[in-house]
Structures are given as structure tokens and as C-alpha cells.
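Colleague: One gets my numbering by counting positions in the sequence shown from 1 and adding 63 to each.
Even for Gly, the Cβ is constructed at its ideal location relative to N, Cα and C.
Take this structure, written in C-alpha cells, and hold onto it; I'll ask about it next.
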Amino acid sequence: MLIIGNWKAYVENREEAKKIYGAAKRIAARTRGIKLVLAPPAPFLGLLAAGKRTKIAFAGQDISASVTGSATGEVVGSALFSAGASYVIIGHSERRARGESDTLIAEKVKRAVVHRLIPVLCIGEKERDEDARYLLEIRRQLDAVYTKLSSRERLEIVIAYEPVWAIGQRSQDAMHAEDLIEMMLYIRKVLGEYVPGKASQKTTILYGGSVDAENVRTLAKGSRVDGFLVGRASAEPETFSALVRALA
Ligand code: PGA
């Protein structure tokens, strides 16, 4: 099971960042079968990950699509890799809401692969409707990226399915496990069109959206997810440790 803690912009100082990292290291030392990845804001990524050889891996929260150095404010893949990241979150709904297009997201996935980072591609519908148009939205998001990738690049991707309506809500507002099963099957069916044979079944698919210590076991049980992308509950040492413990 893979758990990625997306700290977003919740963590604002280095002491807090170190505390969460410390808690994550302690819980990682005590649990088996769970891989922890932390996605701190960029300045703390370098601070925490530099030269460290621990069980915890690190992720960037975004990557620049730029291929030149004349890109003020952008963080390119080589810089993330050099700072200690091995994953990068791409196409998070909070970035899509700031104007990121499917085309840009596909470019970012390519940049990640070039720089040996595992792309965590976020997809998710804005709302659920009775006519199941949300399925078309998911298909559009997957098609837009997978059609642009080579067969090798397609094998590198981790998918994070995060229905936008479920992000940043209360525990009980997360997607229900039975609906999640349906979405897992659907995503794997679409992936089957792009990734040959058994490989599509092996793609890691995470769920994200108001996951916490209360609901994580129920969501994990029987829903066939391979892990979770956790926002708010990952940005605080106690809530993150409790969440990981709940799965162990
Ligand atoms: P949340 O965020 O756990 O706070 O809902 C998840 C995400 O946006 O990745």
C-alpha cells in the first residue's frame, strides 16, 4: 500500500515540517507493507530530503513543463530529483482550478519521466450526476494524457483518483467504498486500452478526498485501491500517524 501525504500549503514553517517528517519516520519504522511518501512545499522538500536515506520517499507537489532555464518561479524536474524527490504530483484539481489544461498536464508527465520522477497523475470529476457523465470526464482526463505518451511512459504512471467534490471535506463526506469499487473498475477498463495486458491491472491507483484515520480502513477494505493521496490529515503529525496506524 502506498500513502502519499500532500501537505499542500498547510505547512508553513520548518519546525512543523520536521515534526511531521519525524512522526512519519517513526511510524514507517513500525509498520510493514506500507510505503510512505511525503509531498512538502518545495522549500521544505530540499530541507528534509537532502542526502537522507530513510524508508520515506519524497514527492514534489508540481513540476514545471519548462525545458529552458528562463522560467522564473518554476521548479523543473531535475531540481526536484536533485533535492531528493522520487515522485511528483501532477494535475491536482487545485492546479487544474488555476488553469492547468490537459495538454499542459500531459507535458508535465513527460517531463517527470525524463527526470526519473514517478508521475502521480491526479484525475477526478467535479460532481456526480445521475446520467453518469462523470465517467466521461474521467475518460477525457485519461485520454488527454495517455494518447500523448509512449508505451514506456504509460507504464510509469501512478493514478490518483480524487473526486473534486470529496476533497477537503469531513470524514463522512469521502466517497463510499462501494462507489470507489465502481470507479476503480472503470479506470482500469480505460487503462486497458492504453497499457497492454496485465500491465494495466498493475498500474497503481490511489484514492484521495477527505481520507483520515476514521474512514481509511473502510475505504481500503474491498475497494481494490492500492493506496491513498492524503491532504489535510497528512499535514499534522498526530493525524497522519493515526491514519497510517489504522491501516497497519
Ligand atoms: P484532502 O485532500 O485529504 O484534504 O481531502 C486530498 C488531496 O487534495 O490530495
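Where does K118 land, buried or exposed, given buried means 16+ other C-beta within 10 angstroms?
Modeller: The residue is exposed, with fewer than 16 neighbouring Cβ atoms inside 10 Å.
Colleague: Could you check if V274 belongs to the surroundings of the ligand PGA, using beta carbon to heavy atom distance under 7 Å?
Modeller: Correct: V274 has its Cβ closer than 7 Å to the ligand PGA.
Colleague: Do L111 and G140 have their CB atoms nearer than 8 Å?
Modeller: Their beta carbons are not under 8 Å apart, which means L111 does not touch G140 by this criterion.
Colleague: Can you find a heavy atom of the ligand PGA that lies under 7 Å from the Cβ of A262?
Modeller: Result no, Cβ not under 7 Å from the ligand PGA.
Colleague: Terminal residues of the continuous alpha helix (DSSP H) containing V253?
Modeller: Where V253 is concerned, the enclosing alpha helix (DSSP H) stretches over 240-255.
Colleague: In whole angstroms, what is the alpha-carbon distance linking G68 and E193?
Modeller: Those two C-alpha atoms are separated by around 32 Å.
Colleague: So is R203 buried or exposed if we call it buried at 16+ other beta carbons inside 10 Å?
Modeller: The residue is exposed, with fewer than 16 neighbouring Cβ atoms inside 10 Å.
Colleague: Beta strand (DSSP E) containing L180: first to last residue?
Modeller: Run containing L180: none; DSSP gives neither H nor E here.
Colleague: Look up L282 in the DSSP assignment and say whether it is helix, strand or coil.
Modeller: In the structure shown, L282 sits in a helix (DSSP, three-state: H, G or I).
Colleague: Is any heavy atom of the ligand PGA found at a distance shorter than 7 Å from the C-beta of E225?
Modeller: Within the cutoff, so yes.
Colleague: Beta-carbon separation of A128 and L167 under 8 Å?
Modeller: The answer is yes: Cβ separation under 8 Å.
Colleague: Let me check you understand the geometry: is the CB of N69 closer than 7 Å to at least one non-hydrogen atom of the ligand PGA?
Modeller: It does: the Cβ of N69 is within 7 Å (strictly closer) of some heavy atom of the ligand PGA.
Colleague: Among D242, I230, F303, whose alpha-carbon lies nearest the alpha-carbon of A195?
Modeller: Among D242, I230, F303, the Cα nearest to that of A195 is on D242.
Colleague: What I want to know is whether the C-beta of V177 ends up closer than 7 Å to one or more non-hydrogen atoms of the ligand PGA.
Modeller: For the ligand PGA, not one heavy atom lies less than 7 Å from the Cβ of V177.
Colleague: Please state whether the Cβ-Cβ distance between I83 and V74 is less than 8 Å.
Modeller: Yes, they are a contact pair.
Colleague: Rank G154, R308, F291 by C-alpha distance to the C-alpha of S273 and give the top, closest one.
Modeller: Ranking G154, R308, F291 by Cα distance to S273 puts F291 first.
Colleague: Cutting at 7 Å between CB atoms, please list the residues of its own chain near M246, excluding the five before and the five after it.
Modeller: So the qualifying residues of the chain are Y224.
Colleague: Tell me the DSSP bridge mates of Y209?
Modeller: In the DSSP output, where bridge partners are listed per residue, Y209 has none listed.
Colleague: Does the contact criterion of 3 or more C-beta pairs under 8 Å hold for the region 294-309 versus the region 254-267?
Modeller: Flag = no, the region 294-309 and the region 254-267 do not touch.
Colleague: From L205 to H178, what does the alpha carbon distance come to, in whole angstroms?
Modeller: Approximately 22 Å, taken between the alpha carbons.
Colleague: Checking the sheet assignment: what are the DSSP bridge partners for V221?
Modeller: DSSP output for V221 lists V183 as bridge partner(s).
Colleague: G154 by DSSP, collapsed to three states: which one?
Modeller: Three-state result, G154: coil.
Colleague: Could you have a look at Y73 and say whether DSSP puts it in helix, strand or coil?
Modeller: Reduced to three states, the DSSP call for Y73 is coil.
Colleague: Within 10 angstroms of its Cβ, does A52 collect 16 or more other Cβ (buried), or is it exposed?
Modeller: Because the chain spans 64 through 311 in this model, residue 52 falls outside it and cannot be assessed.
Colleague: Please go through the region 94-120 and give each complete beta strand (DSSP E) segment of 3 or more residues, from N-terminal end onward.
Modeller: Fully enclosed beta strand (DSSP E) runs of 3 or longer: 98-102.
Colleague: By alpha-carbon positions, which one of W228, I222, I153 ends up nearest to Y249?
Modeller: Of the candidates W228, I222, I153, the one whose C-alpha sits nearest the C-alpha of Y249 is I222.
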